[in-house]
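Let me begin by presenting the structure, written as structure tokens, before commenting on it.
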Amino acid sequence: MERRIEDLLLRGRYKAGDRIPPEAELVGSLGVSRVTVRAGLARLVDRGVLDRRQGSGTFLVNPPGGARLRSGLEKLETYTVHAERLGVRLSSRDLGITVAKAGLEEAEALEVERGKPLVRVSRVLLMENSPAAWMVDLVPESVISADQVREHFRPDAMLLDLLVSEGVPVGSSQMSIEAVMVAPEDPIGTKLQLESPSAALSLVQTMYLTDGRPVQRSHDTFLPGKLNLHVVRELFEVRKLA
């Protein structure tokens, strides 16, 4: 819960010394109980992020360390959408758009023959001009050409945004997540300008068309504090047919 409160404070661009919304308002904004909000606030106070002053309210002491994108595994949305909700500015550095031949792993994931041409889009994702992730996307050239990508790809958006805008019917995705260590001398560490070894989240994702065919393969490596992953599970009522 403290992470959700932190995200709310980031969206509101609260600064050190600002009084944050009262508990009742946080309950309405976050859609949770007062007990849950109170527990989250207490943990943020313990961490030195917030300070409660009797009779005055709760104040921000130490602003959360940078904006984080949120990825809900229950719904396919791009990081662009989450960034817009948070008011975070995305951009790219070291953008590369090339044509590569499908290797064994890519061929199996995208269900194409080895050696088939794939459009490869690679870049450093920047959040508020700070390196957040190294991203590599692959899509069969039969789906979208490299020239189309070069002409229409926006550095502040994802390749998935472009596919959707071009009418490609993407319907679902499958993702694997792994914690990894990245050293400054590693290719990804060099791209992200690391000065010391860092833990990171490695996300490998395959996008599928509405008819079930794979259409895009992505490998993203996010630095700590730049991405929140959450899973929502729902119990659906089973209704008997009349």
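Here the sequence shown stands for residues 437 to 678, where the numbers follow our numbering.
Every residue, glycine too, gets a C-beta built ideally from N, C-alpha and C.
Item: If you check the beta carbons only, do residue 485 and residue 498 fall under 8 Å apart?; Value: yes
Item: Tell me residue 534's beta-bridge partners as DSSP assigns them.; Value: 556
Item: What do you reckon, are the CB atoms on residue 550 and residue 534 nearer than 8 Å?; Value: no
Item: Assign residue 510 to buried or exposed, taking buried as 16 or more other Cβ atoms, counted over all protein chains shown, within 10 Å of its Cβ.; Value: For residue 510, the pLDDT reaches just 48, beneath the cut-off of 50, and the residue's location in the model is therefore unreliable, although a value from the coordinates is still provided. Under this definition residue 510 is an exposed residue.
Item: Measuring only the C-alpha atoms, how far is residue 508 from residue 611?; Value: Because the pLDDT of residue 508 is 49, which lies under 50, any placement of that residue in the model is unreliable, and the number read from its coordinates should be weighed accordingly. About 11 Å.
Item: For the stretch 651-660 against the stretch 605-619, do three or more pairs of beta-carbon atoms, one drawn from each stretch, fall closer than 8 Å, so that the two count as touching?; Value: yes
Item: Using the Cα positions of residue 459 and residue 591, report the straight-line distance between them to the nearest angstrom.; Value: 39 Å
Item: Can you list, in chain order, the residues of its chain whose CB lies under 8 Å from that of residue 644, leaving out five sequence neighbours each side?; Value: 606, 607, 608, 609, 610, 650 and 651
Item: Measuring alpha carbon to alpha carbon, tell me which residue in 623, 444, 477 and 646 is nearest residue 603.; Value: 646
Item: Between which two residues does the beta strand (DSSP E) containing residue 472 stretch?; Value: Premise fails: residue 472 lies in the alpha helix (DSSP H), 470-482, not in any beta strand (DSSP E).
Item: How big is the Cα-Cα spacing for residue 479 and residue 657?; Value: 29 Å
Item: Determine the DSSP secondary structure at residue 606, reduced to helix, strand or coil.; Value: strand
Item: Is DSSP giving residue 575 helix, strand or coil here?; Value: strand
Item: Spatial neighbours of residue 572 within its chain, please: CB distance less than 8 Å, with the 5 preceding and 5 following residues excluded, ordered by chain position.; Value: 556, 557, 558, 654, 655 and 656
Item: Determine the direct distance from the alpha carbon of residue 487 to that of residue 588, and round the result to whole angstroms.; Value: 47 Å
Item: Does the distance from the CB of residue 514 to the CB of residue 462 come in under 8 Å?; Value: no
Item: Would a C-beta distance cut-off of 8 Å place residue 406 and residue 638 closer than the cut-off?; Value: Outside the shown range of the chain, which is 437 to 678, sits residue 406, and nothing can be said about it.
Item: In its own chain, which residues sit with a C-beta less than 6 Å from the C-beta of residue 441, not counting the 5 before and 5 after it?; Value: 476
Item: Could you check how far apart the C-beta atoms of residue 548 and residue 576 are, in whole angstroms? I think they sit under 8 Å.; Value: 6 Å
Item: With a CB to CB cut of under 8 Å and the five nearest residues on each side skipped, what residues in its chain are close to residue 454?; Value: 495 and 496
Item: Is DSSP giving residue 717 helix, strand or coil here?; Value: Any answer about residue 717 is impossible in this case: the structure gives the chain only from 437 up to 678.
Item: Between residue 625 and residue 632, what straight-line distance do the alpha-carbon atoms span, to the nearest angstrom?; Value: 9 Å
Item: Checking 8 Å against the spacing of the C-beta atoms, do residue 642 and residue 543 come in under that value?; Value: no
Item: With distance defined between alpha-carbon atoms, name the residue in 565, 540 and 553 nearest to residue 580.; Value: 553
Item: Could you give the DSSP three-state label for residue 456: helix, strand or coil?; Value: coil
Item: Excluding the 5 residues preceding and the 5 following residue 594 in the sequence, name in chain order all residues of the same chain whose CB lies nearer than 7 Å to its CB.; Value: 514, 515 and 516
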